[in-house]
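Engineer: Okay, so the sequence shown: first residue is 19 according to the numbering used here, each after it adds one.
I am attaching a structure below and will ask some questions about it afterwards.
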Amino acid sequence: MNICTGKILVFTAVSLLIGITVQASAADRKVVVTEQSFECLHQNQKVRNMYVDNILGNLTGTLAVAKSGMGGVYPPGTVLQLIPAEAMVKREKGASPATNDWEFFALDVSKDGAKIKARGFAEMKSALGGSCLDCHSKAKPQWDMVCEQGHGCDPIVLPGLDVPLLTGAMQKTDPRCASPEPLTLKELAELKRLKELLEKKAAAQAAANGQPAERTTPADTGTAPAVW
Ligand code: HEC
């Protein structure tokens with residue numbers, strides 16, 4: 019073999035090695051979630067009532083599952099948002115078997131973007147004290163813990179409030195978006211009622227002598243199926 023052929027062989031071997039390494043790292047790439055992972059809802063794609071994205075760049079894979087009438091397993095990097103203050107992100111395979119590798123997030127959103135208020139897997143709770151996993155795990159297996167409507171989860175119940183109207187109003191007024199959409203009077207009134215409900219809840223918790231805010235027991239929720 020002359021020097022030139024030798025060089026070509028070495029070059030081919032190195033390229034192959036690099037190719038294999040790149041492929042392997044794409045398959046088990048860690049899903050690193052930062053505050054930049056959560057954009058203004060309207061910058062993401064809307065599928066039915068939720069906004070979807072993929073922080074590993076695999077939006078095609080995420081959309082394929084979201085739009086499939088049969089369900090499926092969402093690919094790593096998937097970000098789902100229904101309301102601005104909460105999100106779920108599909109982490110790398112094996113990150114959390116109990117939650118199908120979903121990580122749950124509570125966000126503080128403002129015009130400057132999202133701050134991560136809390137994050138976690140099976141132990142994560144919502145602002146009103148409900149366990150994310152308790153509700154989301156009721157989705158039938160083919161829906162990969164994504165509730166939407168008709169997937170088997172209990173509907174979200176907030177006493178005296180019209181939840182679909184409320185989530186629509188929250189989506190329209192995501193403070194991260196440059197130009198929030200105008201609200202109807204009904205939506206405005208519903209947002210005000212939610213604010214009052216949250217204030218009442220905070221006051222009740224403060225009165226309950228230092229009981230941690232998150233510790234809502236089933237007894238507290240009365241006959242409501244679950245707390246959002
Ligand atoms: C009371 C039960 C309940 C709790 C608690 C709850 N969720 Fe949900 N969540 C639902 C239901 C039901 C939907 C579907 C709502 C719809 O589309 O009308 C939903 C929708 C979502 C969606 C849109 C994707 C989907 O599954 O439809 C995200 C994201 C989400 N929730 C995140 C969270 C996070 C994060 C937490 C905890 C911090 C949480 N949820 C707690 C019941 C719950």
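The C-beta atom is built at its ideal place from N, Cα and C for all residues, glycine as well.
Under the three-state reduction of DSSP, which class applies to Ala103: helix, strand or coil?
Structural biologist: Coil, per DSSP.
Engineer: Quick check on the DSSP output: the beta strand (DSSP E) that includes Phe138 runs from which residue to which?
Structural biologist: Here residue 138 is Gly; the residue named in the question, Phe, does not match the sequence. 131-138 is the span of the beta strand (DSSP E), which, as asked, contains Gly138.
Engineer: Does the beta-carbon distance from Gly89 to Asp172 come in below 8 Å?
Structural biologist: Cβ atoms of Gly89 and Asp172: not closer than 8 Å.
Engineer: Let me know the secondary structure DSSP gives Lys204 once reduced to three states.
Structural biologist: Helix.
Engineer: Based on Cα-Cα distance, which residue from Glu121, Leu146, Ala132 lies nearest to Ala222?
Structural biologist: Here the closest residue by C-alpha is Leu146.
Engineer: For a test of the three-state rule: what should DSSP assign to Glu214, helix, strand or coil?
Structural biologist: Helix at Glu214.
Engineer: Using the beta-carbon count (16 or more within 10 Å), is Leu100 buried or exposed?
Structural biologist: Result: buried.
Engineer: In angstroms with no decimal places, state the Cα-to-Cα distance between Leu176 and Leu212.
Structural biologist: Each residue's alpha carbon lies about 9 Å from the other.
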